[in-house]
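To keep things clear, I will list the structure first and then write my remarks on it.
Residue numbers (our numbering), protein chains in the order written: chain A, 1 to 203; chain B, 1001 to 1294.
Structure below.
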């Protein structure tokens, strides 16, 4: 089971730790060669303009997109959500993967002083709600027909899935709750990582 | 319930900046160049440190007008500096909505004894440190991010290296020390005991640690990353060089691919003259900024 974490910039270590706590040794991905044999890839939180540019300059953008279209699963958090979106409101020229039929709005909740954490109910994960950390977070403002909305905060869409692709506006890697990482590994990558009883999944 | 300004949210933004480069800028045009080069954030200033050195006099928080123009110009986070201990400058920056405040030795200290109580703010703070004790005192006061000080505005990396090496050495010391020695270590380092326990448990600082003060080339940036820093601040090194756009981009790429000498060789080619720089050894005690901070 080969799971990678895109390691161009951002909170790579936190995702590798979450994977480790799920019993999986993740692999940092910096070059096209690192993509070889990956079943799934996590795109961490970071600065989306930076990661987009580095994807292009590292020659990763095209091979990564090709591998995703050939069956690799992807989980994007925050910056990852932005890079997965087909459209980025107001920043159409920003380099991205564009694999999900969604439109995102960057910094939708405001600047850093508006960043927050909250309890987010996610029906697909059951009880209790997930502790969700939103940092200069984006939101999804449009979803295409093949996209499932897994969670909203108020009227704002913050967790979506389109087949093998999963994307969150918040940072599950900053909290010890592993349910969303396990959900990705099981539902999107098709891996068996133990039972999904929510009550037994905190670290 | 919604909670803002928690330590998770404050330190979390610093986590998102890891592996990135934060660049000093003085105009909206420079901010755009930095963003286009791939900076993860910009530091809005009236003068870069090399010019602060040259100008002398008292260095203060930048004019809010300049900071607002820079916030308008880019979509990446914007940081700004306040004088050590000047909590009203910090209140003003928080009211402006900057994303991070640097309580910085590069400006003239406003308080010769006390730093700002950073717990009182919703906006997160980054502070400079030369060693583990200083870093943990700042974290104890509420800093959510640390940068090693180096010697700002010189383009000489030696002090940045010294401060990172000292920090790493002291972290190893704490990790290897038996429990009963930690209280005495805390006393000697001037570090809060509880935070020392946290360092022992984690094997690193409890918050993100960037390198700063003297980084001028892609090789300098990669050196600091290989020494174990989480990211890079570049002050005068970019806009005091021949070709700021190319150099900024090269430093961004070197910070990502810091462990790949083949790529670093390619990245470092043909960037023009770096900033001229000042040998730190030629500075008098009075001219050194790193000693500011208590």
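Backbone N, C-alpha and C define an ideal beta-carbon position, used for all residues, glycine too.
- For residue 1219(B), the enclosing alpha helix (DSSP H) has its first and last residue at 1218–1226.
- Residue pairing for residue 1231(B): DSSP places it in a beta bridge opposite 1210(B).
- For residue 17(A), no CB of chain B lies under 8 Å from its own CB, so it is not counted at the interface with that chain.
- Pairwise C-beta distances place the region 1216–1231 of chain B in contact with the region 1146–1165 of chain B, as three or more of them are shorter than 8 Å.
- Membership of residue 1036(B) in the alpha helix (DSSP H) is indicated by the continuous run 1028–1037.
- Per DSSP, residue 1274(B) lies in no alpha helix (DSSP H) and is assigned neither H nor E.
- When secondary structure is reduced to three states using DSSP, residue 1108(B) falls in the coil class, being assigned neither helix nor strand.
- Residue range 165–168 is occupied by the beta strand (DSSP E) that includes residue 165(A), with no alpha helix (DSSP H) assigned at that position.
- Considering only beta carbons, no part of the region 139–153 of chain A lies closer than 7 Å to chain B.
- Residue 1264(B) has its alpha-carbon roughly 17 Å from the corresponding atom of residue 1238(B).
- Under a criterion of Cβ atoms nearer than 7 Å, the residues of chain B adjacent to residue 171(A) are, in order, 1012.
- Scanning 7(A), 74(A), 88(A) for the CA closest to the CA of residue 27(A) turns up 7(A).
- Chain A places no beta carbon closer than 8 Å to that of residue 1202(B), leaving this residue out of the contacts.
- For residue 28(A), the three-state secondary structure derived from DSSP is strand.
- The residue among 1096(B), 1087(B), 1092(B) with its C-alpha nearest the C-alpha of residue 1109(B) is 1087(B).
- Where residue 1063(B) is concerned, there is no enclosing alpha helix (DSSP H), because DSSP gives it neither an H nor an E.
- At a cut-off of 3 residues, the continuous stretches assigned as beta strand (DSSP E) that sit fully inside the region 1055–1105 of chain B are 1078–1083, 1100–1104.
- The contact set of residue 57(A) on chain B, defined by CB atoms closer than 7 Å, consists of 1253 in chain order.
- For the C-beta of residue 116(A), the chain B residues within less than 7 Å are, from N- to C-terminus, 1002, 1003, 1004, 1009.
- Excluding the 5 residues flanking it on each side, residue 22(A) has same chain C-beta neighbours closer than 7 Å at 178, 181, 182, 185, 193, in chain order.
- Taking 9 Å as the upper bound on Cβ-Cβ separation, chain A lies near residues 1094, 1097, 1098, 1099, 1100 of the region 1087–1120 of chain B.
- In the DSSP assignment, residue 41(A) falls within the beta strand (DSSP E) that extends over 40–43.
- Between residue 4(A) and residue 1019(B), the CB-CB gap reaches or exceeds 8 Å.
- The three-state reading of DSSP puts residue 75(A) in strand, counting E and B together.
- In chain order, 32, 35 place their CB closer than 7 Å to the CB of residue 63(A), counting only its own chain and leaving out the 5 sequence neighbours on each side.
- Beta bridge pairing from DSSP links residue 1282(B) with no other residue.
- Using a Cβ-Cβ cut-off of 7 Å, residue 111(A) is close to 1097, 1099 of chain B, given in chain order.
- In chain order, 5, 28, 44 place their CB closer than 7 Å to the CB of residue 12(A), counting only its own chain and leaving out the 5 sequence neighbours on each side.
- Taken in chain order, the members of the region 1039–1053 of chain B whose beta-carbon sits within less than 8 Å of a beta-carbon on chain A are 1039, 1040, 1041.
- If you look at residue 1176(B), you'll find it in the alpha helix (DSSP H) that goes 1158–1176.
- Look at residue 11(A): its C-beta is under 8 Å from a C-beta on chain B.
- For residue 1001(B), there is no enclosing beta strand (DSSP E), since its DSSP letter is neither H nor E.
- Put simply, the CB of residue 1015(B) is near chain A, with a gap under 8 Å to one of its CB atoms.
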